[in-house]
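J.: One structure, pasted below without further comment.
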Amino acid sequence: MAQGIRNLLGLRDMEPDGIVEILDTARSFREVLERPIKKVPTLQGTTVVNLFFESSTRTRISFELAERRLSADVVNFAASGSSVSKGETLKDTARNIEAMKTDIVVIRHSSTGAPHFLSRLLKSPVINAGDGINEHPTQGLLDMFTMREKLGELKGLNVCIVGDIAHSRVARSNIFGLTKLGANVAVCGPKTLIPDYLEQFGVKVFVNIDDAIQWADVLNVLRIQLEREAGGDFPTIREYRLYWGINRERLEKSSKSIVIMHPGPINRGVELDADIADGETSVILDQVTNGVAVRMAVLYLTGAKPS
Amino acid sequence: MKIYLRNARVVDPSGKYDGLFDLMIVDGAIQEISSPLGGNPVNYEINLRGKLVVPGLFDMHTHLREPGQEYKEDIASGIAAAANGGFTGIAAMPNTDPVVDSADVVKYVIDRAKQSGLVDVYQIAAVTEGRKGERLSEMKDLSEAGAVAFSDDGSAVSDSHVMRLALQYSSMLGRPIIQHCEDHSLTKSGSANESAETIRYGLKTQHRLAEELILSRDIMMLKAFGGKYHATHISTAESVNLVKRAKEEKLPITCDVTPHHLFLDDNLLGNYDSDYKVNPPLRTKEDREALVEGLKNGIIDAIASDHAPHALHEKEVEFDAAPFGMIGLETTVGAVMTELYHKEVLDIQAIVRLLSLNPRRILGLAVPEFNLGAKADLTIIDPDYEWVVEPEKFKSKSKNTGFKGMRFKGSAVGIIRGEKFFFSDRLK
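Each protein sequence line maps, in turn, to chains A and B.
Taking the numbering used here, the leading residue of the first sequence gets 3, the next gets one more, and so forth.
Taking the numbering used here, the leading residue of the second sequence gets 857, the next gets one more, and so forth.
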């Protein structure tokens, strides 16, 4: 029987067993998603609040679907049009919503540590749906779930994350989760987008994408935030595409078939060419489906009431 | 008015009265220093058996927040906190609202402080008008009004030409420029030190070179243009090296370090508690060790609190959104006694130099002396008092300290400054 988890703030401090428990639980919810009726009564009578202080389409919809498929009552709170724009603090917003007797809080915020801050103030479990440049734990988990589904064991698997590592919460959650479960993790991108010290976490650093492709079983390609070009973190989108963009020509240099992942939304023709994104080795849409199952598992494990 | 301090271990830097003594203070002046009489104290007598009596401590880096931000701290509450922390004198930084860049504001602060009078308050004035880093403030007029030094603290004097002018102009006045070393183009939105720990925590970081570049530049400018220069709150191992080399060249440079940079490091940031968000940011364990080494070998001249009060509502927010700074007046002595005195890193004479004599000398102020007829200016320290840091018990209006919950051994328990005195309820 599942032990349950208090909060899901990040994968950084989780035990490997805890991560495996979520992934295993997600497997049974993944089966639910194949049934004609995709709804279970698990969280009936539980109210989940989605607090989104930063715009998000995919993650918000995925959480909402997961919540509804568990029969939870769902409240959506988006920062625009709410009292946050009137200068209410995060603390007040969250405590007011909790005072309405909600049970689980899902938060997306542009500031690192906002979910940790909330978890100190609230009695409800807090699930991090992405905080600043820190973590996006459910994305990390769904990426791991998908790799397990496609390739079996994570132990010994060579996973390379490509793109803006320095500002990516997806990269960080992938690094923490994958290394805990014994995968070999590398990153690749321009030096200005890769933080120092990564080697200390057991992460390999490639600057040359062709070297990364030779090494990798999986490429997890990150979205290049177009505003990074304006910020001068790399010279131009054109140059990025030329030297780090994933295209068929590059992939064909590898003798093995490399699994292509992307957390979305894709800048087609920038970090990833359209034919690869839609190609036979791409698992991008499986990631989206699995995301719902993984989020169901996390909600179930945080919301499970003692019987 | 008589106060008779009995059985005190007097720490006298001149060596004349270093040892166990009874001190009779009459109308604010030291009237008698004699070998302990023994026996039990009566009425105006205070038994200080086991306590240290040291020259009044001085904090050369305090933010009093008045005028303009009295909800964080005001002159009266800042003085109360200083007295409770064992300081008989403090120097206030000028980043108030309005900025202390005119003689009127200097006089206002000094007058307000005199109303309480318990602690000497000196004012540091801005280097540039409005702390904008563009045009020099009226330094001579400010100096005449009582300003003891100049600083744009909170920001560096970034523009090299302005820094040149500041060094040259202030050299006419004999007053130091106190630099907050930070290359702002390198720090931007970074709110933590750049290290393996903070990369792991997913924080926006600032590189240590931001401090070291400005310090290096300033040392070169000091060599070329003269003046007196003090680097405040240095926080990295390389900054200690830079100051060491400058001192070897006999340049007129001094520096201070805060207790939080000495005793706290960036592995505390994993819970994203904004009480640990300070500027410069908490560095690594290696930096802390280098700073302690800098104290031991005399490269670092002073310990200063950088007491930076912020209201609860300002700190109780997301890490990125919180203001930088922690309070320090009421934890400095406890931290120093616990970490430096009891761990036998420094003896009490060295601690007195760092917390009383040197900060006063850097600011051109007279040093308290144990001489018959001299005005009493002393701090009483109980080296063995054990306590837990509970910010809600502080006299400061603000409670933002990264030392919260820590267990200290050693505390200031009272001050006497002329006819004014304060005895803490910790004095037993």
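Every residue gets a Cβ at the ideal spot worked out from N, C-alpha and C, and that includes glycine.
Assuming A:W217 contacts A:C162 under a Cβ cut-off of 8 Å, what Cβ separation, rounded to an integer in Å, is found between them?
T.: The residue labelled residue 217 of chain A in the question sits at position 215 within the first sequence. The residue labelled residue 162 of chain A in the question sits at position 160 within the first sequence. That belief holds up - the Cβ atoms of A:W217 and A:C162 are roughly 7 Å apart, short of 8 Å.
J.: Give the DSSP-derived three-state secondary structure of A:D213 in the structure shown.
T.: To locate residue 213 of chain A, count along the first sequence from 1; it is residue 211. Helix, per DSSP.
J.: Report yes if the C-beta distance between B:A939 and B:K907 is below 7 Å; otherwise report no.
T.: Along the second sequence, read from residue 1 onward, the residue named residue 939 of chain B stands at position 83. Along the second sequence, read from residue 1 onward, the residue named residue 907 of chain B stands at position 51. Contact: no.
J.: Tell me whether the beta-carbon of A:I24 lies closer than 7 Å to the beta-carbon of A:A295.
T.: Position 22 of the first sequence, counting from 1, holds the residue named residue 24 of chain A. Position 293 of the first sequence, counting from 1, holds the residue named residue 295 of chain A. Their beta carbons are not under 7 Å apart, which means A:I24 does not touch A:A295 by this criterion.
J.: Going by DSSP in three states, A:F65 sits in which element: helix, strand or coil?
T.: Your numbering for residue 65 of chain A matches position 63 in the first sequence. Of the three classes helix, strand and coil, the one that applies to A:F65 here is helix, per DSSP.
J.: According to DSSP, is A:P111 part of a helix, a strand, or is it coil?
T.: One-based indexing of the first sequence puts residue 111 of chain A at position 109. One detail in the question is off: residue 111 of chain A reads as His in this sequence, not Pro. It is a strand residue.
J.: Consider the Cβ of A:N136: report whether some Cβ of chain B lies at a distance smaller than 7 Å.
T.: As a position in the first sequence, residue 136 of chain A is number 134, starting the count at 1. Output row for A:N136: interface = yes.
J.: List the residues of chain A whose Cβ lies closer than 7 Å to the Cβ of B:Y927, in chain order.
T.: What you label residue 927 of chain B is simply residue 71 of the second sequence in a count that begins at 1. Within chain A, no residue comes near B:Y927; the closest Cβ sits about 16 Å away, beyond 7 Å.
J.: Which bits of chain A does B:Y1128 rub up against, with CB to CB less than 7 Å?
T.: Position 272 of the second sequence, counted from the start, is the residue given in the question as residue 1128 of chain B. Simply T114, G115, H118, F119.
J.: Nearest to B:I980 by alpha carbon, out of B:D915, B:V1096, B:R991?
T.: For the purposes of this step, residue 980 of chain B is taken as residue 124 along the second sequence, with counting starting at 1. Checking every option, the nearest Cα to that of B:I980 belongs to B:D915.
J.: Have a look at the DSSP bridge pairing and note the partners of B:E888.
T.: Within the second sequence, the letter at position 32 stands for residue 888 of chain B. BP columns for B:E888 point to B:M880.
J.: So which of B:G973, B:V1208, B:K858, B:G875 has the shortest CA-CA distance to B:V866?
T.: In the second sequence, the residue the question calls residue 866 of chain B occupies position 10. Closest by alpha carbon: B:G875.
J.: Could you list which residues in chain A have their beta carbon closer than 9 Å to that of B:K1044, in chain order?
T.: Numbered from 1 along the second sequence, position 188 holds the residue referred to as residue 1044 of chain B. Chain A residues near B:K1044: none, gap ~10 Å exceeds 9 Å.
J.: On the DSSP letters alone, give me the boundaries of the alpha helix (DSSP H) that B:T944 sits inside.
T.: Sequence index remark: in the second sequence, residue 944 of chain B carries index 88 (1-based). Not the alpha helix (DSSP H): B:T944 falls in the beta strand (DSSP E), residues 943-948.
J.: Quickly, what does DSSP pair B:G875 with across the bridge? List them, please.
T.: Here residue 875 of chain B corresponds to residue number 19 of the second sequence, with the count starting at 1. B:V866, per the DSSP bridge assignment.
J.: Okay, do the region 51-60 of chain A and the region 30-41 of chain A touch, 3+ Cβ pairs below 8 Å being the bar?
T.: Not touching, per the Cβ criterion.
J.: Alpha carbon to alpha carbon, what distance is there between B:L1065 and A:S309?
T.: Taking the first sequence and counting its residues from 1, the one referred to as residue 309 of chain A is at position 307. Taking the second sequence and counting its residues from 1, the one referred to as residue 1065 of chain B is at position 209. Confidence in A:S309 is poor, its pLDDT being 43 and thus under 50, which makes the residue's placement too unreliable to answer from.
J.: Suppose contacts are defined by Cβ-Cβ distances below 7 Å. Is A:F178 in contact with A:L13 by that definition?
T.: For this step, residue 178 of chain A is matched to residue 176 along the first sequence. For this step, residue 13 of chain A is matched to residue 11 along the first sequence. Cβ atoms of A:F178 and A:L13: closer than 7 Å.
J.: With DSSP as the reference, label B:G1190 as helix, strand or coil.
T.: Position 334 of the second sequence, counting from 1, holds the residue named residue 1190 of chain B. Note: B:G1190 maps to helix in three-state DSSP.
J.: Taking the alpha carbon of A:I196 as the point to measure from, which residue in B:S1045, B:R1056, B:S1047 has its own alpha carbon closest?
T.: Counting from 1 along the first sequence, the entry for residue 196 of chain A is found at position 194. Ranking B:S1045, B:R1056, B:S1047 by Cα distance to A:I196 puts B:R1056 first.
J.: Using a Cβ-Cβ distance cut-off of 7 Å, determine whether A:Y302 contacts chain B.
T.: Mapped onto the first sequence, residue 302 of chain A falls at position 300. For A:Y302, the answer is no, since every Cβ of chain B falls outside 7 Å of its Cβ.
J.: Within 10 angstroms of the Cβ of A:D277, are there 16 or more other Cβ atoms? Answer buried if so, exposed if not.
T.: Counting from one through the first sequence, the residue named residue 277 of chain A turns up at place 275. It counts as exposed.
J.: Which residues, taken in chain order from the region 1162-1190 of chain B, show a beta carbon closer than 9 Å to some beta carbon of chain A?
T.: For the region 1162-1190 of chain B, which is checked against every Cβ of chain A, the residues closer than 9 Å are H1169, E1172, V1173, E1174, F1175, D1176, A1177.
J.: Identify the continuous alpha helix (DSSP H) that holds A:I21 and give its terminal residues.
T.: One-based indexing of the first sequence puts residue 21 of chain A at position 19. Element bounds for A:I21: 18-34.
J.: Whole angstroms are fine: how far does the CA of A:F65 sit from the CA of A:S73?
T.: Here residue 73 of chain A refers to the residue found at position 71 of the first sequence. Here residue 65 of chain A refers to the residue found at position 63 of the first sequence. In a straight line, the C-alpha of A:S73 is about 12 Å away from that of A:F65.
J.: Listed in chain order, which residues of the region 173-193 of chain A have Cβ atoms closer than 8 Å to some Cβ of chain B?
T.: Under the 8 Å Cβ criterion, the region 173-193 of chain A contributes R174.
J.: What residues in its chain sit with their C-beta under 6 Å from that of B:K1084, if we drop five residues either side in the sequence?
T.: Residue numbering aside, residue 1084 of chain B sits at position 228 when the second sequence is read from its first letter. Same-chain partners within the cutoff: P1032, P1108.
J.: So which residues of chain A does B:K1141 contact, with C-beta pairs closer than 9 Å?
T.: Within the second sequence, the letter at position 285 stands for residue 1141 of chain B. Those within 9 Å of B:K1141 in chain A number zero; the least Cβ separation is about 14 Å.
J.: Around the Cβ of A:K157, are there at least 16 other Cβ atoms within 10 angstroms (buried) or fewer (exposed)?
T.: For the purposes of this step, residue 157 of chain A is taken as the residue at position 155 of the first sequence. So A:K157 counts as exposed.
J.: In chain order, what residues of the same chain have a beta carbon less than 8 Å from the beta carbon of A:I21, not counting five sequence neighbours either side?
T.: Residue numbering aside, residue 21 of chain A sits at position 19 when the first sequence is read from its first letter. Within the same chain, A:I21 has close Cβ partners L13, L143, M146, G179, K182, L183.
J.: Going by DSSP, name the residue or residues bridged to B:N1153.
T.: Start at 1 with the first residue of the second sequence, and residue 1153 of chain B comes out as number 297. DSSP output for B:N1153 lists no bridge partner at all.
J.: Using a Cβ-Cβ cutoff of 9 Å, what residues of the region 137-158 of chain A are near chain B? List them in chain order.
T.: Within the region 137-158 of chain A, the residues whose Cβ lies closer than 9 Å to some Cβ of chain B are E137, listed in chain order.
J.: How many Å lie between B:P920 and B:K963 at the Cα?
T.: In the second sequence, the residue the question calls residue 920 of chain B occupies position 64. In the second sequence, the residue the question calls residue 963 of chain B occupies position 107. In the sequence under discussion, the amino acid at residue 920 of chain B is Leu, which differs from the Pro named in the question. B:L920 and B:K963: Cα-Cα distance of roughly 15 Å.
J.: Let me know if B:H1169 comes out buried or exposed under the rule of 16 or more other beta-carbons within 10 Å of its beta-carbon.
T.: For the purposes of this step, residue 1169 of chain B is taken as the residue at position 313 of the second sequence. Classification for B:H1169: exposed.
J.: Using a Cβ-Cβ cut-off of 7 Å (strictly less than) and excluding sequence neighbours within five positions of B:K1231, which residues of its own chain qualify?
T.: Reading the second sequence from its first residue, position 375 is the one you call residue 1231 of chain B. Correct list, in chain order: G884, A885, G1274.
J.: What did DSSP end up calling A:M3 once you bin it into helix, strand or coil?
T.: The residue given as residue 3 of chain A occupies position 1 in the first sequence. No answer about A:M3 holds up, because its pLDDT of 40 lies below 50 and its placement is not dependable.
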